[in-house]
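Under my numbering, the first residue of the sequence shown is numbered 209, with each subsequent residue one higher.
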Amino acid sequence: MKRYVDDAGLDVAVGGPCMSVGYFYKNNYQNFGLDTFMANTGCALDFYSFHIYDYMSFDTSKNDFVGRVSTGLPIEGVLDMVENYALITHGKTVDMVLSEHGGYISNDQEGALDLIANTYFPSNSFSGTAFEWEMKRRSVSEHLAVSSAIANTMAFMNNPHVVRKAVPFILLESASWDPRYYSTLLVKENFDKNSTVWHESTYVNFFKFFRNVEGRRVRVMLEDPDIQTQAYVRGSKLFILMNNLADKAENLALNLPTGGLETITLRRFGRNDDFTPFFTETAVQSLDGLQIGAREALAIEMTYSTGFSENMLLDEVPYYGDLVRQEFSGSRTFSVAVPEYTRARSAMLRISVGRDSGWSNDLEVIFNGTPLEVPMEDCADRLDNGSEYGSLKLIPLPTDLLQAVNTVEVSFPDQGTGGIGSVVIRAALEETMENQVYAINCAGPEYTAADGTVYIADTYYSGGSTGTDSTSGFSGTEEDALYTNERYAADFSYNIPVADGDYTVTLHMAENWFEVTNGRVFSVDIEGENVISNLDLFAEAGRAVIHDQIFSTTVNDGSLDIDFYASVNNAKINAIKAVRAVEPGPVYSDWVLQQGLSLSDAVTNADDDGDGFDAYAEFVAGTDPSDPSSCFRIDGAEVENSGFSISFLSSSNRTYTVWSADKLSGEWRILTNGVSGTGNMLDIIDPALSSNRFYRIDVDIE
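As structure tokens, this is what we get:
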């Protein structure tokens, strides 16, 4: 099929086999069903696919649902294993499609729903209609499905390099063929297929929970393996998603920016005591004292007065081990190469595990000779269905333990047999900052130009009306779509949240209304400076001819302000593009070669000049790796009238943080941070003039 599709030149992805199960951790990770299909297709399909579900039943002794839970940590481990297997066996990783996902009551669903309904909201004392009672009864299983779908979706969002598409098993409606089908978003009143009245089921909570969430991914540091967490920024909005996989509430202390914070909206999805779902969305003043309940999901939407800009770009890269699907007792050693380990700002060791029930869920791990603490997930009991246990162990890795080739010794402390699906290191590598581009298609939808610039849909405007013109074939451009929509008025403005810095601003304009001179005359100010005065587009260029204008400006307040005002009829704008030039920081491998070192020095971090600082430390500090007298140190420390002075030679493209403590074993406090290096001596003053104080200086690359 794929050959025929490719030969026909069709833009269609071909894959399979849409396996009905994906619990490949079963039988110590020997239950892998994709291997034969991959081999038979030469691992050449556009994607490989399977379903992933939680299969639950109601346990009256526990008064709760139990069963095979594959969502959350288990599916993360399965995805790691599939990619690791494909890389080892076929020499490449593969795209994955989760062709169905969710959760349902797989054993006597009707009996379980009857038992719960009759216990918590019996029909003979229910205040609503019989249809409303049945919808509430059905919502018990719907909660299971939505909760599982949220856990899955959070896992898929954490694997964007793997998951090409995922389909929650929620049908829009089924009235024509089964009005009572269990997994539909819309239900006809009284389940009558001839009714014209539709009702939403609680499956809608899945879509409500993720509503509006999009943007640039933000690095999140949370070491609790039970709480799935994602964060994104879009314009002046920050979205935080959290899903608690455990039957245990947790108090949350979030370290978030508060400057310029305007509004907070908090969504909660969870389960009531009667097993029905709840969904709330409220405006809150603060997140102090925030708690996430057992098996609860939170979505936080925060709006700020200005937008966000990156101060660091990270590429989270998975590095796969040399062995996969290992069944053993005792211990086994894996090797994981991380050739770019010197660029790692953080790292996580991910070990997928499968074991028969009755054995310990603990692992012991020795990383490059150093024993690591392996966090035990609180949801471990839920991940054991009585036959087997499957999970993913998430172990924070200190970056100073990373090497070019890493040995990971994994053992089962009870000496029983178990399976390790894969051993993977995810390292967040610092990337060189590129030019930052902010572009808006004024009055129009999102548009991607031929040069790759994404003009977002119209936003950040104040005032004005919108218009669309059917003119095509604008002279001077092949980007007609940028000029057919316009925002216009006697006066209006754009206030675009950007990072502070120097910008090149392009105003995209073309006259597509007036065909006479003096039909439209207007002026433009950028950052309070007049840049266009009494422009007549038709007089300057004619009709349907682009007349783009380019200007330089500096933003110091986090907002690029552009004001349009007319002296004749209306001012107008078609699109705006602002580019901030970012000075690229040094790259370690380039620096090594510039210093006359070998690339092996980069890998081993050799100390060629014997000054006690290895190559990478000298790179970060900006010192000479061949000169033992050139090393980062405090050059002066003395009492002055204004306080105690610490002086040191700084390097450009570096920032410095000075810490102080009253004793070496005490608490270190920041004296000053974010100090930019100049290439000259820097003097830092501690006004406290303490008679007994210790100081430490950290240096980092800007």
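Even glycine gets a Cβ: it sits at the ideal position worked out from N, Cα and C.
Considering only their Cβ atoms, is the gap separating residue j from residue i smaller than 8 Å?
i, j, result
"M584", "N569", "yes"
"S595", "S560", "no"
"V395", "S409", "yes"
"E535", "N271", "no"
"M264", "G275", "yes"
"I704", "V732", "no"
"I905", "N861", "no"
"L522", "R553", "yes"
"H309", "H259", "yes"
"E719", "A697", "no"
"T541", "T615", "yes"
"G241", "S278", "no"
"I500", "L453", "no"
"F266", "L218", "no"
"S335", "M304", "no"
"L352", "G311", "yes"
"N649", "N693", "yes"
"V371", "L306", "yes"
"V729", "S683", "no"
Determine the burial state of residue i: buried for a count of at least 16 other Cβ atoms within 10 Å of its Cβ, exposed for fewer.
i, result
"M510", "buried"
"S494", "exposed"
"S673", "exposed"
"K871", "exposed"
"E723", "exposed"
"M717", "buried"
"L321", "buried"
"K933", "No answer is possible for residue 933: the residues shown for the chain start at 209 and end at 910."
"T488", "exposed"
"C587", "buried"
"A359", "buried"
"A896", "exposed"
"Y212", "exposed"
"V763", "buried"
"S333", "exposed"
"T484", "buried"
"T471", "exposed"
"G626", "buried"
"M889", "exposed"
"F364", "buried"
"A294", "buried"
I'd like to confirm the pairing. Which residues does DSSP put opposite residue i in its beta bridges?
i, result
"V561", "S599 and I628"
"Y864", "V883 and V907"
"Q929", "Any answer about residue 929 is impossible in this case: the structure gives the chain only from 209 up to 910."
"N459", "Q499"
"S855", "G844 and D891"
"N452", "I435"
"M510", "L446 and I472"
"W406", "K396"
"M362", "DSSP lists no partner for M362."
"R425", "Y440"
"K373", "V305"
"R551", "Paired residue(s): none; R551 is not in a bridge."
Taking residue i and residue j to be in contact with their CB atoms under 8 Å, please state how far apart those CB atoms are, rounded to whole angstroms.
i, j, result
"Y597", "R558", "Between R558 and Y597 the Cβ distance is about 17 Å, and since that is not below 8 Å, they are no contact."
"L805", "Q757", "That belief does not hold up - the Cβ atoms of L805 and Q757 are roughly 48 Å apart, past 8 Å."
"V573", "I603", "6 Å"
"S355", "R503", "6 Å"
"S599", "G285", "6 Å"
"F700", "G671", "4 Å"
"L474", "I508", "6 Å"
"I754", "R695", "Not quite, the Cβ-Cβ distance comes to about 17 Å (not below 8 Å), so this is no contact."
"R551", "L506", "So it is not a contact: roughly 33 Å between Cβ atoms."
"D894", "S868", "6 Å"
"A651", "G675", "7 Å"
"L690", "Y655", "6 Å"
"E826", "P833", "4 Å"
How about residue i: is its Cβ closer than 7 Å to a heavy atom in the ligand COA?
i, result
"D267", "With respect to the ligand COA, the structure offers nothing, as it holds no ligand at all."
So within the stretch 693–766, which uninterrupted alpha helix (DSSP H) runs reach at least 4 residues, ignoring any that extend past its ends? 745–749
Entirely within the stretch 636–694 and at least 3 residues each: give me those beta strand (DSSP E) ranges in chain order. 644–649, 662–665 and 673–676
Runs of 4 residues minimum, wholly inside the stretch 244–328: which ones carry the alpha helix (DSSP H) assignment? 281–298 and 317–328
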